[in-house]
Amino acid sequence: MSQNSQAALRSTNPEDYQGVPRAVAAMPKDFADGFEIAPHRHRRAQLIYATAGTMRISTEEAVWVVPPQRALWMPPGVRHSIVMSGDVTMRTLYLRQDAAAGMPEVCRVLRISPLLRELIVRATEMPVHYDERGAAGHVEALILDELHHEPSLPFHLPMPRDKRLQRLCSALLAAPGDQRTLEHWAGSANASPRTLARLFVTETGLTFGAWRQQARVLEAMGRLSGGQAVTDVALDLGYDSVSAFSAMFRRASGVSPSAYRPAR
Numbered sequence: 001m002s003q004n005s006q007a008a009l010r011s012t013n014p015e016d017y018q019g020v021p022r023a024v025a026a027m028p029k030d031f032a033d034g035f036e037i038a039p040h041r042h043r044r045a046q047l048i049y050a051t052a053g054t055m056r057i058s059t060e061e062a063v064w065v066v067p068p069q070r071a072l073w074m075p076p077g078v079r080h081s082i083v084m085s086g087d088v089t090m091r092t093l094y095l096r097q098d099a100a101a102g103m104p105e106v107c108r109v110l111r112i113s114p115l116l117r118e119l120i121v122r123a124t125e126m127p128v129h130y131d132e133r134g135a136a137g138h139v140e141a142l143i144l145d146e147l148h149h150e151p152s153l154p155f156h157l158p159m160p161r162d163k164r165l166q167r168l169c170s171a172l173l174a175a176p177g178d179q180r181t182l183e184h185w186a187g188s189a190n191a192s193p194r195t196l197a198r199l200f201v202t203e204t205g206l207t208f209g210a211w212r213q214q215a216r217v218l219e220a221m222g223r224l225s226g227g228q229a230v231t232d233v234a235l236d237l238g239y240d241s242v243s244a245f246s247a248m249f250r251r252a253s254g255v256s257p258s259a260y261r262p263a264r
């Protein structure tokens, strides 16, 4: 059987990859727009990556929006859920404990270089029980070397534990363009604006305004990487002009919104 045939027959059940006697186990799996993976955890550390489409990945502590230029490092045992934005071609790596040594002990966004992208794709085409002494073993070694040298990026949204703030934050994640003030939200939360403002800083390290802006930045990254027009994203997220949105996005991310749109 050819390697391509073996890849086509490869399991899409993550449990089948947790005990593979290889340092890296790669699982290809495609998802439709809007598909949700319920909260779960894995025994192995995981690199959650997609060559197309955007994923919103949530844990109890934070939310990450992960476009194709990025991946999320997930340590073993961390409970998480995933929502797909656009059709997603997920290419997940599961790393054995010794292979994950030296990687972050908490979730981190990693940049995916063109080389690492091709290595990940190649890993999903190799047999699951690949020959570690052959060419596949070199691919495995290069993947681990690249992973251990990729810098972490500060693109995450800390989530509060207070139930009132959780409801507020969930509503803003569902509608990041919502312009309502903290005074408005205080009424439905049965708390004073001052109390909510204090809780935001205590539980997330951000003010309400900064948290909402970060939510908009992450949402914009996902939409832009999916090919949406900058003007449409700016208006959907509550900005009066494209220039105001672009200035905010550049301050927060260091690049222009157009840098996140796929090249033609």
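Residue numbers (full-length UniProt numbering): 1 to 264.
The beta carbon of each residue, even a glycine, is placed where N, CA and C say it ideally should be.
- Annotation for Thr-207: no alpha helix (DSSP H) segment contains it, and DSSP assigns it neither H nor E.
- Shown here for Val-24: same chain residues with a beta carbon closer than 8 Å to its own, the five before and five after excluded, namely Leu-93, Tyr-94, Leu-95, Arg-96, Ala-99, Ala-123, Glu-140, Ile-143, Leu-144 in chain order.
- Of the residues Gly-187, Arg-180, Trp-211, Leu-119, the one whose Cα lies closest to the Cα of Gly-238 is Arg-180.
- With 16 or more neighbouring CB atoms inside 10 Å of its own CB, Glu-219 falls in the buried class.
- In the three-state reduction of the DSSP assignment, Asp-240 falls in the coil class.
- Annotated as proximal: Leu-182 and Phe-208, with beta-carbon spacing under 8 Å.
- Rounded to the nearest angstrom, the gap between the Cα atoms of Ile-112 and Ser-192 is 43 Å.
- Here the segment 188-206 does not lie against the segment 238-249, with fewer than 3 beta-carbon pairs under 8 Å apart.
- Using a Cβ-Cβ distance cut-off of 8 Å, the segment 76-89 and the segment 154-164 are not in contact, since fewer than three pairs of beta carbons, one from each stretch, lie closer than that value.
- Within the same chain, Cβ atoms closer than 7 Å to the Cβ of Ala-38 are found at Ser-81, the five residues on either side in sequence being excluded.
- Residue range 114-125 is occupied by the alpha helix (DSSP H) that includes Glu-118.
- For Val-255, there is no enclosing alpha helix (DSSP H), as DSSP marks it with neither H nor E.
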